[in-house]
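Those letters in the sequence shown? Residues 24 to 204, by my numbering.
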Amino acid sequence: MMKIFRLLSALLDYPNDEFLAALREMTGNDARAFVVGLDEENVLSADEAGQVAEFITAMLATESLELQGNYVQCFDLTAEHSLHLTHHLFGEEKTRGPALIDLGEFYRSYGLKVDEKELPDYLPVMLEFVSTIELDEARVFLADVAKVLKVLADNLEKSGSGHAKLVRIIEKQGSLARLAA
Numbered sequence: 024m025m026k027i028f029r030l031l032s033a034l035l036d037y038p039n040d041e042f043l044a045a046l047r048e049m050t051g052n053d054a055r056a057f058v059v060g061l062d063e064e065n066v067l068s069a070d071e072a073g074q075v076a077e078f079i080t081a082m083l084a085t086e087s088l089e090l091q092g093n094y095v096q097c098f099d100l101t102a103e104h105s106l107h108l109t110h111h112l113f114g115e116e117k118t119r120g121p122a123l124i125d126l127g128e129f130y131r132s133y134g135l136k137v138d139e140k141e142l143p144d145y146l147p148v149m150l151e152f153v154s155t156i157e158l159d160e161a162r163v164f165l166a167d168v169a170k171v172l173k174v175l176a177d178n179l180e181k182s183g184s185g186h187a188k189l190v191r192i193i194e195k196q197g198s199l200a201r202l203a204a
């Protein structure tokens, strides 16, 4: 189980108070040591681990209501920042439905039960899935969505969102699969 993808999933999800309290407790005063300790498979480069640690430190230094408001503004109210990846390919078209069904079936073929409240193309759900498979397979899976991750990261960078660095790190994991192929 690749805990680092599970962490990235949680960091890209809505920052509720329970998560923030747990993150504060787990990281203690050293976010970098926490990130490096979670990355047992050495998925991240030292620079990437530092970026994730900086993101966590900034997150924990911000009031939860401000974080939550920023999150809603960024991801829920700005279509170009949607964490539902098929939205970037299909918009709200009906053609998006079959892609969502196929992705849900793909997860089920691996035994993953997706929360019915969330669509299977939600990036934190995808990362939760990726955390359960082998690294090479995870990178191939991420390579399939790398173009969408690039668009999302570009859009987040243009708006100055700190989340852009996390999406870039995830995009890079898919790029590594293409390099190895």
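Heads up, the beta-carbon is just placed ideally off N, CA and C, and yes, glycines get one too. Please read all numbers here as calculations on a predicted model, not as lab measurements.
Rounded distance between the beta-carbons of residue j and residue i, thought under 8 Å
i	j	result
Met82	Leu90	6 Å
Leu150	Phe28	5 Å
Leu179	His110	Between His110 and Leu179 the Cβ distance is about 14 Å, and since that is not below 8 Å, they are no contact.
Lys181	Glu194	Their Cβ separation, rounded to whole angstroms, is 15 Å, which puts Lys181 and Glu194 out of contact at 8 Å.
Glu71	Ile192	5 Å
Leu199	Glu64	Not confirmed; about 13 Å, so no contact.
Leu35	Leu106	6 Å
Beta bridge counterpart(s) of residue i as assigned by DSSP
i	result
Tyr145	His107
Under 8 Å between C-beta atoms of residue i and residue j
i	j	result
Leu31	Leu189	yes
Gly73	Arg55	yes
Val168	Leu123	no
Ala166	Ala176	no
Val66	Gln196	yes
Gly185	Phe78	yes
Backbone CA spacing between residue i and residue j [nearest angstrom]
i	j	result
Gly51	Glu116	45 Å
Lys26	Val59	11 Å
Phe42	Asp125	30 Å
Val137	Pro38	20 Å
Gly120	Lys140	15 Å
Gly134	Glu128	10 Å
Asp144	Tyr130	11 Å
Val171	Arg162	15 Å
Gly92	Phe152	27 Å
Val95	Thr101	9 Å
Ala44	Phe164	31 Å
Met49	Phe57	7 Å
Thr118	Leu142	15 Å
Phe98	Ser132	29 Å
Ser154	Ser68	17 Å
Asp53	Thr80	9 Å
### Task
Any chance you could list the alpha helix (DSSP H) runs of at least 4 consecutive residues sitting entirely within the stretch 49-119, in chain order?
54-61, 69-83, 87-94 and 108-113
### Task
Quick one: which unbroken alpha helix (DSSP H) runs of 4-plus residues sit fully inside the stretch 157-190? Chain order, please.
158-167 and 169-181
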